[in-house]
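Undergrad:
Residue numbers (this note's numbering), protein chains in the order written: chain A, 9 to 313; chain B, 9 to 313.
1) Apart from the five residues on each side of it in sequence, which residues of its chain come closer than 8 Å, Cβ to Cβ, to residue 39 of chain A?
2) I'd like to know whether the C-beta atoms of residue 138 of chain A and residue 237 of chain A end up nearer to each other than 7 Å.
3) Go ahead and label residue 214 of chain A buried or exposed: buried means 16 or more other beta carbons lie within 10 angstroms of its beta carbon, across all protein chains shown.
4) So residue 28 of chain B is in the beta strand (DSSP E); what residue range does that whole segment cover?
5) Buried or exposed: which applies to residue 102 of chain A, given that a residue is buried once 16 or more other Cβ atoms fall within 10 Å of its Cβ?
6) Judging by CA-CA distance, which residue of A:87, A:250, A:51 is the nearest neighbour of residue 148 of chain A?
7) Which two residues bound the contiguous beta strand (DSSP E) that contains residue 82 of chain A?
8) Can you pull the chain A neighbours of residue 268 of chain B, defined as C-beta to C-beta under 7 Å?
9) Would you check if there are 3 or more beta carbon pairs closer than 8 Å linking the region 120–140 of chain A to the region 46–54 of chain A?
10) Taking residue 171 of chain A and residue 66 of chain A to be in contact with their CB atoms under 8 Å, please state how far apart those CB atoms are, rounded to whole angstroms.
11) Please go through the region 129–178 of chain B and give each complete alpha helix (DSSP H) segment of 4 or more residues, from N-terminal end onward.
12) Mind checking which residues open and close the alpha helix (DSSP H) that includes residue 117 of chain B?
13) By Cβ distance, which residues of its chain are closer than 6 Å to residue 242 of chain A, with the 5 residues on each side in sequence left out?
14) Would you mind stating whether residue 210 of chain B and residue 60 of chain B have Cβ atoms separated by less than 7 Å?
15) Measuring CB to CB, does residue 98 of chain B end up less than 7 Å from residue 212 of chain B?
16) Assuming residue 151 of chain A and residue 269 of chain A make a contact with CB atoms under 8 Å, what is their CB distance in whole Å?
17) Is the CB of residue 287 of chain B under 7 Å away from at least one CB in chain A?
18) Kindly say whether residue 263 of chain A, judged by its beta-carbon, lies nearer than 7 Å to any beta-carbon of chain B.
19) Kindly indicate the opening and closing residues of the alpha helix (DSSP H) around residue 60 of chain A.
20) For residue 144 of chain B, tell me which candidate among B:128, B:262, B:182 has the shortest Cα-Cα distance.
21) If we ignore side chains and look at the alpha-carbon of each, how far apart do residue 89 of chain A and residue 95 of chain A end up?
22) Where does residue 193 of chain B fall in DSSP's three states?
23) Under DSSP, the alpha helix (DSSP H) around residue 239 of chain A begins and ends at which residues?
24) In chain A, what lies closer than 9 Å to residue 259 of chain B by C-beta?
25) Cα separation between residue 123 of chain A and residue 109 of chain A?
26) Alpha carbon to alpha carbon, how far is residue 22 of chain B from residue 33 of chain B?
27) Hey, does residue 271 of chain B have any beta-carbon neighbour from chain A nearer than 7 Å?
28) Let me confirm a value: residue 15 of chain A is counted as buried when at least 16 other C-beta atoms fall within 10 Å, else exposed. Which label applies?
29) Measuring alpha carbon to alpha carbon, tell me which residue in B:30, B:126, B:166, B:24 is nearest residue 11 of chain B.
30) In whole angstroms, give me the CA-to-CA distance for residue 157 of chain B and residue 167 of chain A.
31) Does residue 289 of chain A come out as helix, strand or coil in the three-state DSSP assignment?
32) Using C-beta distances below 7 Å, list every residue in its chain close to residue 198 of chain B, excluding the 5 sequence neighbours before and after it, in chain order.
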């Protein structure tokens, strides 16, 4: 197995590109994939101040490394979810990464600043933990980006994440979610920051390999609340399909972007108004995050927060 | 395991309906599924003359049995594909079925009437056999329905067939095919007969069980040209999904009909004109069947036909 570029011994096989790479050229390959994604979708302009959602896992830290390497000015934001040791460990990995490179990491502490943790919100609201977490992340990261005047909010979702989410939305034909599943979501008047996903061309095993090969220390453990969740089941299914038909996952995701996403866009343009509690964007009276927060604080007896 | 209806010993489990059935009530259940499909989609009106595509396999013969049982007047049309023993056997099963019930079976012999077989067409055109076969079937069955003045052309595609085709079209985002994947395709001015699929609510193992339990003799062998084809691979993959999440296949297919199919319909309304060779409907100058026929006859040295 030889590197496609230099014919030295390869350490990584990328079947869907029918290519093997040595360490140097694999890292280069991943960087070029990200660069191309940013370019093709006009994700980050020159001089843009970007804010990256950082979890301390392989995807967000690899992406931070790559973006910095490509010359982008990117700060990070870490949301402490209050999930025991998992949260304290992943915060430590995020901090050490940022400190070693002189990067700025903003930290938002959900329990300290909002009065509740993700496990508490999940229990109180009868949502799955992943749902309560996703909702809180979207809200708070957007708020930080808006409040601090960043031009773009960057997320570390990889090819597998996006393909699994797309598959879930297709299986259930969630046409409204399908209308919002794009690598770039433009900013809205109502206060939603521009959001981009530069890792959509990079598979999960490739971001992991990138992190390991470039010596990034990251939280290897999966979130203890996420095991067996739906997206992970879809990922496993798609991996079995990918084993039989290398490239099918990418074909499915990029085919959607190119040929079908626009068809669903009309479904995803609801009329937004201001949340009567926080002033953020919502389709109803009170936004989903404020409702989650209220339900949880009442349930855990902290409605004084 | 007891029958949901009569509490006698069940012989068939239908996991996605969370139900078990004895023989009598399973057959009844399948009939009701077909009846409901026909009713909900207004597939066959009272007094309609229907023509059923008959292959000699479980699906088409079970459907012929059910439609007759439900009081519909249905003739069959068998297309002899010229696939050796498989074709002669399946014609025999079709004839015996029709004769035993006093039903009319029309037979079209592709090699005798058009000068070529499906294996020859596949070789000559470099299509897969399933593609050459599908194209020929669609053309000839439609022609028979139109020429003999039938009101509706009925096809025996089951839930698994339709879900696998949908999955294939979604994986590649064939938006034009997605616009045409409906349980009912209306007749067109250009001479395409109304086409309906009353088995879309019945899974493949259920049509097989229906045929076996009601004593229908059918061609059990799969077409020797079809092994390992793409649709069969998708079927296997969807079956594994269904094992883990009973009902997911039906959710995927019916969710598409209900929530997404209309979104793609605009893609599926090409301007049709008359084929300059046969006068049938086509989007180009010469229709795909006439091109297939011509290529094949030239290649096998029978262009005098």
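We treat Cβ as the ideally placed atom computed from N, Cα and C, and that holds for glycine.
TA: According to the structure data:
1) Closer than 8 Å at the Cβ level, and outside the excluded window around residue 39 of chain A, lie 74, 77, 78.
2) Against a cut-off of 7 Å, the Cβ pair of residue 237 of chain A and residue 138 of chain A comes out as a contact.
3) Looking at its Cβ environment, which holds 16 or more other Cβ atoms inside 10 Å, residue 214 of chain A is buried.
4) Its beta strand (DSSP E) spans residues 27–29.
5) That one is buried.
6) Residue 148 of chain A has its Cα closest to that of A:87, out of A:87, A:250, A:51.
7) Annotation for residue 82 of chain A: the continuous beta strand (DSSP E) segment containing it runs 82–88.
8) Correct list: 181, 183.
9) Touching, no, given that fewer than three Cβ pairs across the two stretches are closer than 8 Å.
10) About 17 Å; that fails the 8 Å criterion.
11) List check, alpha helix (DSSP H) in window: 137–155.
12) Residue 117 of chain B -> not in any alpha helix (DSSP H); beta strand (DSSP E) instead, spanning 113–117.
13) Result list for residue 242 of chain A: 172, 175, 176, in chain order.
14) Going by C-beta atoms, residue 210 of chain B is not nearer than 7 Å to residue 60 of chain B.
15) Against a cut-off of 7 Å, the Cβ pair of residue 212 of chain B and residue 98 of chain B comes out as no contact.
16) Contact between residue 151 of chain A and residue 269 of chain A fails: their C-beta atoms lie close to 27 Å from each other, not under 8 Å.
17) Output row for residue 287 of chain B: interface = no.
18) So, interface residue.
19) Per DSSP, residue 60 of chain A belongs to no alpha helix (DSSP H); it is in the beta strand (DSSP E), 58–62.
20) Of B:128, B:262, B:182, the smallest CA-CA separation from residue 144 of chain B is found for B:128.
21) Going from the Cα of residue 89 of chain A to the Cα of residue 95 of chain A covers about 6 Å.
22) Residue 193 of chain B: strand per DSSP, three-state reduction.
23) Run containing residue 239 of chain A: 238–252, per the alpha helix (DSSP H) assignment.
24) What residue 259 of chain B touches in chain A: 179, 180, 181.
25) Between the alpha carbons of residue 123 of chain A and residue 109 of chain A lies a gap of roughly 32 Å.
26) The alpha-carbon atoms of residue 22 of chain B and residue 33 of chain B are separated by roughly 12 Å.
27) Contact of residue 271 of chain B with chain A is assigned, a C-beta pair being separated by under 7 Å.
28) Residue 15 of chain A should be labelled exposed.
29) Cα-wise, what sits closest to residue 11 of chain B is B:30.
30) Each residue's Cα considered, the two are about 52 Å apart.
31) The DSSP-derived three-state label of residue 289 of chain A is strand.
32) Within its own chain, the residues whose Cβ lies closer than 7 Å to the Cβ of residue 198 of chain B, once the five positions on either side in sequence are excluded, are 280, 289, listed in chain order.
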